[in-house]
Amino acid sequence: MGGGTSFPREPLDRNKVVIVTGGNTGIGYETAKWIAMLGAKVIIACRSEDKALEAIKRMKEEYATEKQKGTKGIIQDGDIDVTFMQVDLASLQSTKKFIENFKSSGQKLHTLVCNAGLGFLPLQMTEDGNELVFQTNYLSQFLICVHLIPLMESSGSDDCRIIMVSSSVHDFAPPFDISKVQGKDLKPSSYDEAGYYAYSKLYQVMQMYFMNKRLKESNISVTYQPILEQWRQNSVGISNVLVHTAYIALDIQ
Numbered sequence: 001m002g003g004g005t006s007f008p009r010e011p012l013d014r015n016k017v018v019i020v021t022g023g024n025t026g027i028g029y030e031t032a033k034w035i036a037m038l039g040a041k042v043i044i045a046c047r048s049e050d051k052a053l054e055a056i057k058r059m060k061e062e063y064a065t066e067k068q069k070g071t072k073g074i075i076q077d078g079d080i081d082v083t084f085m086q087v088d089l090a091s092l093q094s095t096k097k098f099i100e101n102f103k104s105s106g107q108k109l110h111t112l113v114c115n116a117g118l119g120f121l122p123l124q125m126t127e128d129g130n131e132l133v134f135q136t137n138y139l140s141q142f143l144i145c146v147h148l149i150p151l152m153e154s155s156g157s158d159d160c161r162i163i164m165v166s167s168s169v170h171d172f173a174p175p176f177d178i179s180k181v182q183g184k185d186l187k188p189s190s191y192d193e194a195g196y197y198a199y200s201k202l203y204q205v206m207q208m209y210f211m212n213k214r215l216k217e218s219n220i221s222v223t224y225q226p227i228l229e230q231w232r233q234n235s236v237g238i239s240n241v242l243v244h245t246a247y248i249a250l251d252i253q
């Protein structure tokens, strides 16, 4: 996975801390890797430690190759700073533990990339009684956002961001029915795999509008990156990195 990039390569503050959920594979992997190569500290938040450590190993190998090639814009001294923190988004208990572990680490937080997601699976319910795609793609990451916003507000930076990696598939969500949000009382025979994936993407759009309204006077911006559209920002930075790396790997984590 990898290849050339079409985004401007501008250095990031070495003290900038970025969490990427699902940063061990696909879009999240490329996003985490390039943000780290541009200088920021990156935390990969995912379920499997083995997969995360293997991903970090590959990132460092690919960084060494890029540095050897003389790739412009990436850090030239030392190594990339990428670490792992465990979270299972299908478990609210695990999600809450991740939140508390990050808070207790004493680190600041400047950017949260909500990338992890899954979809088009047979009906599964979580231990919390929610439909799996709803909880993984939306609910657990919403919980992370809400609880880590105070850390971002107190980070000392005037440019903090919450970035949601989503899909224009939200355009195809069935008519909204609040009684179906959590997927309770679903039966495998009537489960709409594509519909519930589209629902989860729609909830992210709703979350973006809600958070932007609530945070408009703060130092945090909330953006939504639909990976199936060639939507780009003029500004250089993490959002731009994410938009362009989205076309490198389109597999769903």
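Per the numbering used here, the very first residue in the sequence shown carries number 1; after that it's consecutive. Heads up, the beta-carbon is just placed ideally off N, CA and C, and yes, glycines get one too.
Since ALA198 contacts LEU132 with CB under 8 Å, what's their CB separation in whole angstroms? Rounded, the Cβ-Cβ distance is 15 Å, inconsistent with contact.
If you reduce the DSSP assignment to three classes, tell me which class LYS41 lands in. Secondary structure at LYS41: strand, using DSSP grouped into helix, strand and coil.
May I ask you to list the residues that DSSP assigns as paired with GLN86? Note: GLN86 sits in a beta bridge opposite CYS46.
Do THR95 and LEU143 have their C-beta atoms closer together than 9 Å? Their beta carbons are under 9 Å apart, which means THR95 touches LEU143 by this criterion.
Mapping DSSP to helix, strand and coil, what is GLU229? The predicted model places GLU229 with a pLDDT of 43, which falls under 50 and marks its position as unreliable, so this point remains unresolved.
First and last residue of the uninterrupted alpha helix (DSSP H) at ARG214: 193 to 214 is the span of the alpha helix (DSSP H), which, as asked, contains ARG214.
From LEU148 to LYS108, what distance separates their C-alpha atoms? Their Cα atoms are separated by approximately 10 Å.
Which of the three DSSP states, helix, strand or coil, is assigned to ILE220? In this structure, ILE220 counts as strand in the three-state DSSP scheme.
At least 3 beta-carbon pairs within less than 8 Å: the segment 36 to 56 vs the segment 69 to 84: Output reads yes: the segment 69 to 84 touches the segment 36 to 56.
With a cut-off of 8 Å, do at least 3 Cβ pairs link the segment 113 to 131 to the segment 155 to 168? Between the segment 113 to 131 and the segment 155 to 168, the count of Cβ pairs shorter than 8 Å is three or higher; the stretches touch.
Cα separation between ASP281 and ILE27? Because the chain here runs from 1 to 253, residue 281 falls outside it and cannot be looked at.
Where the beta strand (DSSP E) through LEU143 begins and ends: Residue range 140 to 153 is occupied by the alpha helix (DSSP H) that includes LEU143, with no beta strand (DSSP E) assigned at that position.
With 16 other CB atoms within 10 Å as the buried threshold, where does GLN93 fall? So GLN93 ends up on the exposed side.
Taking the alpha helix (DSSP H) that LEU92 belongs to, which residues open and close that run? Annotation: the continuous alpha helix (DSSP H) that includes LEU92 extends over 92 to 104.
Quick check: what's the CA-CA separation for ASP128 versus LYS97? Cα-Cα distance, rounded: 15 Å.
Considering Cα atoms alone, identify which of TYR203, GLU66, GLN124 is closest to MET191. First, the amino acid is wrong: residue 191 is Tyr here, not Met. For TYR191, the nearest C-alpha among the options comes from GLN124.
SER166 lies in the beta strand (DSSP E); which residues open and close that run? Here the beta strand (DSSP E) through SER166 covers 160 to 166.
Would you tell me roughly how many angstroms separate the C-alpha atoms of VAL18 and ILE43, rounded to the nearest one? A straight line joining the alpha-carbon of VAL18 with that of ILE43 spans about 6 Å.
Run of the beta strand (DSSP E) containing LEU112, from where it starts to where it stops: Note, LEU112: beta strand (DSSP E), 111 to 114.
Near LEU186, which residues of its chain fall below 7 Å by C-beta distance, leaving aside the five closest residues on each side in sequence? Result list for LEU186: LEU123, GLU131, in chain order.
Tell me whether VAL133 sits in a helix, a strand or coil according to DSSP, three-state version. Helix, per DSSP.
Top-ranked residue by Cα proximity to GLY156, from ILE220, ALA64, CYS46, GLY39: Cα-wise, what sits closest to GLY156 is ILE220.
On the DSSP bridge list, what partners appear for VAL20? According to DSSP, VAL20 bridges with ILE44, VAL113.
Bridge partners for MET125 per DSSP, in chain order? MET125 is bridged to GLU131.
Among the residues of its own chain, which have a CB less than 8 Å from the CB of SER239, if the five just before and after it don't count? Its pLDDT being 49, under 50, SER239 is placed unreliably by the model, and the measurement read from it follows with that caveat. Contacts found: ARG161, ILE163, THR223, GLN225, GLN233.
Count the other C-beta atoms from every protein chain shown that fall within 10 angstroms of the C-beta of PHE134, then say buried if there are 16 or more, exposed otherwise. Buried, because 16 or more other Cβ atoms sit within 10 Å of the Cβ of PHE134.
Would you list the residues sitting across from ASP81 in a DSSP beta bridge? According to DSSP, ASP81 shares a beta bridge with LYS41.
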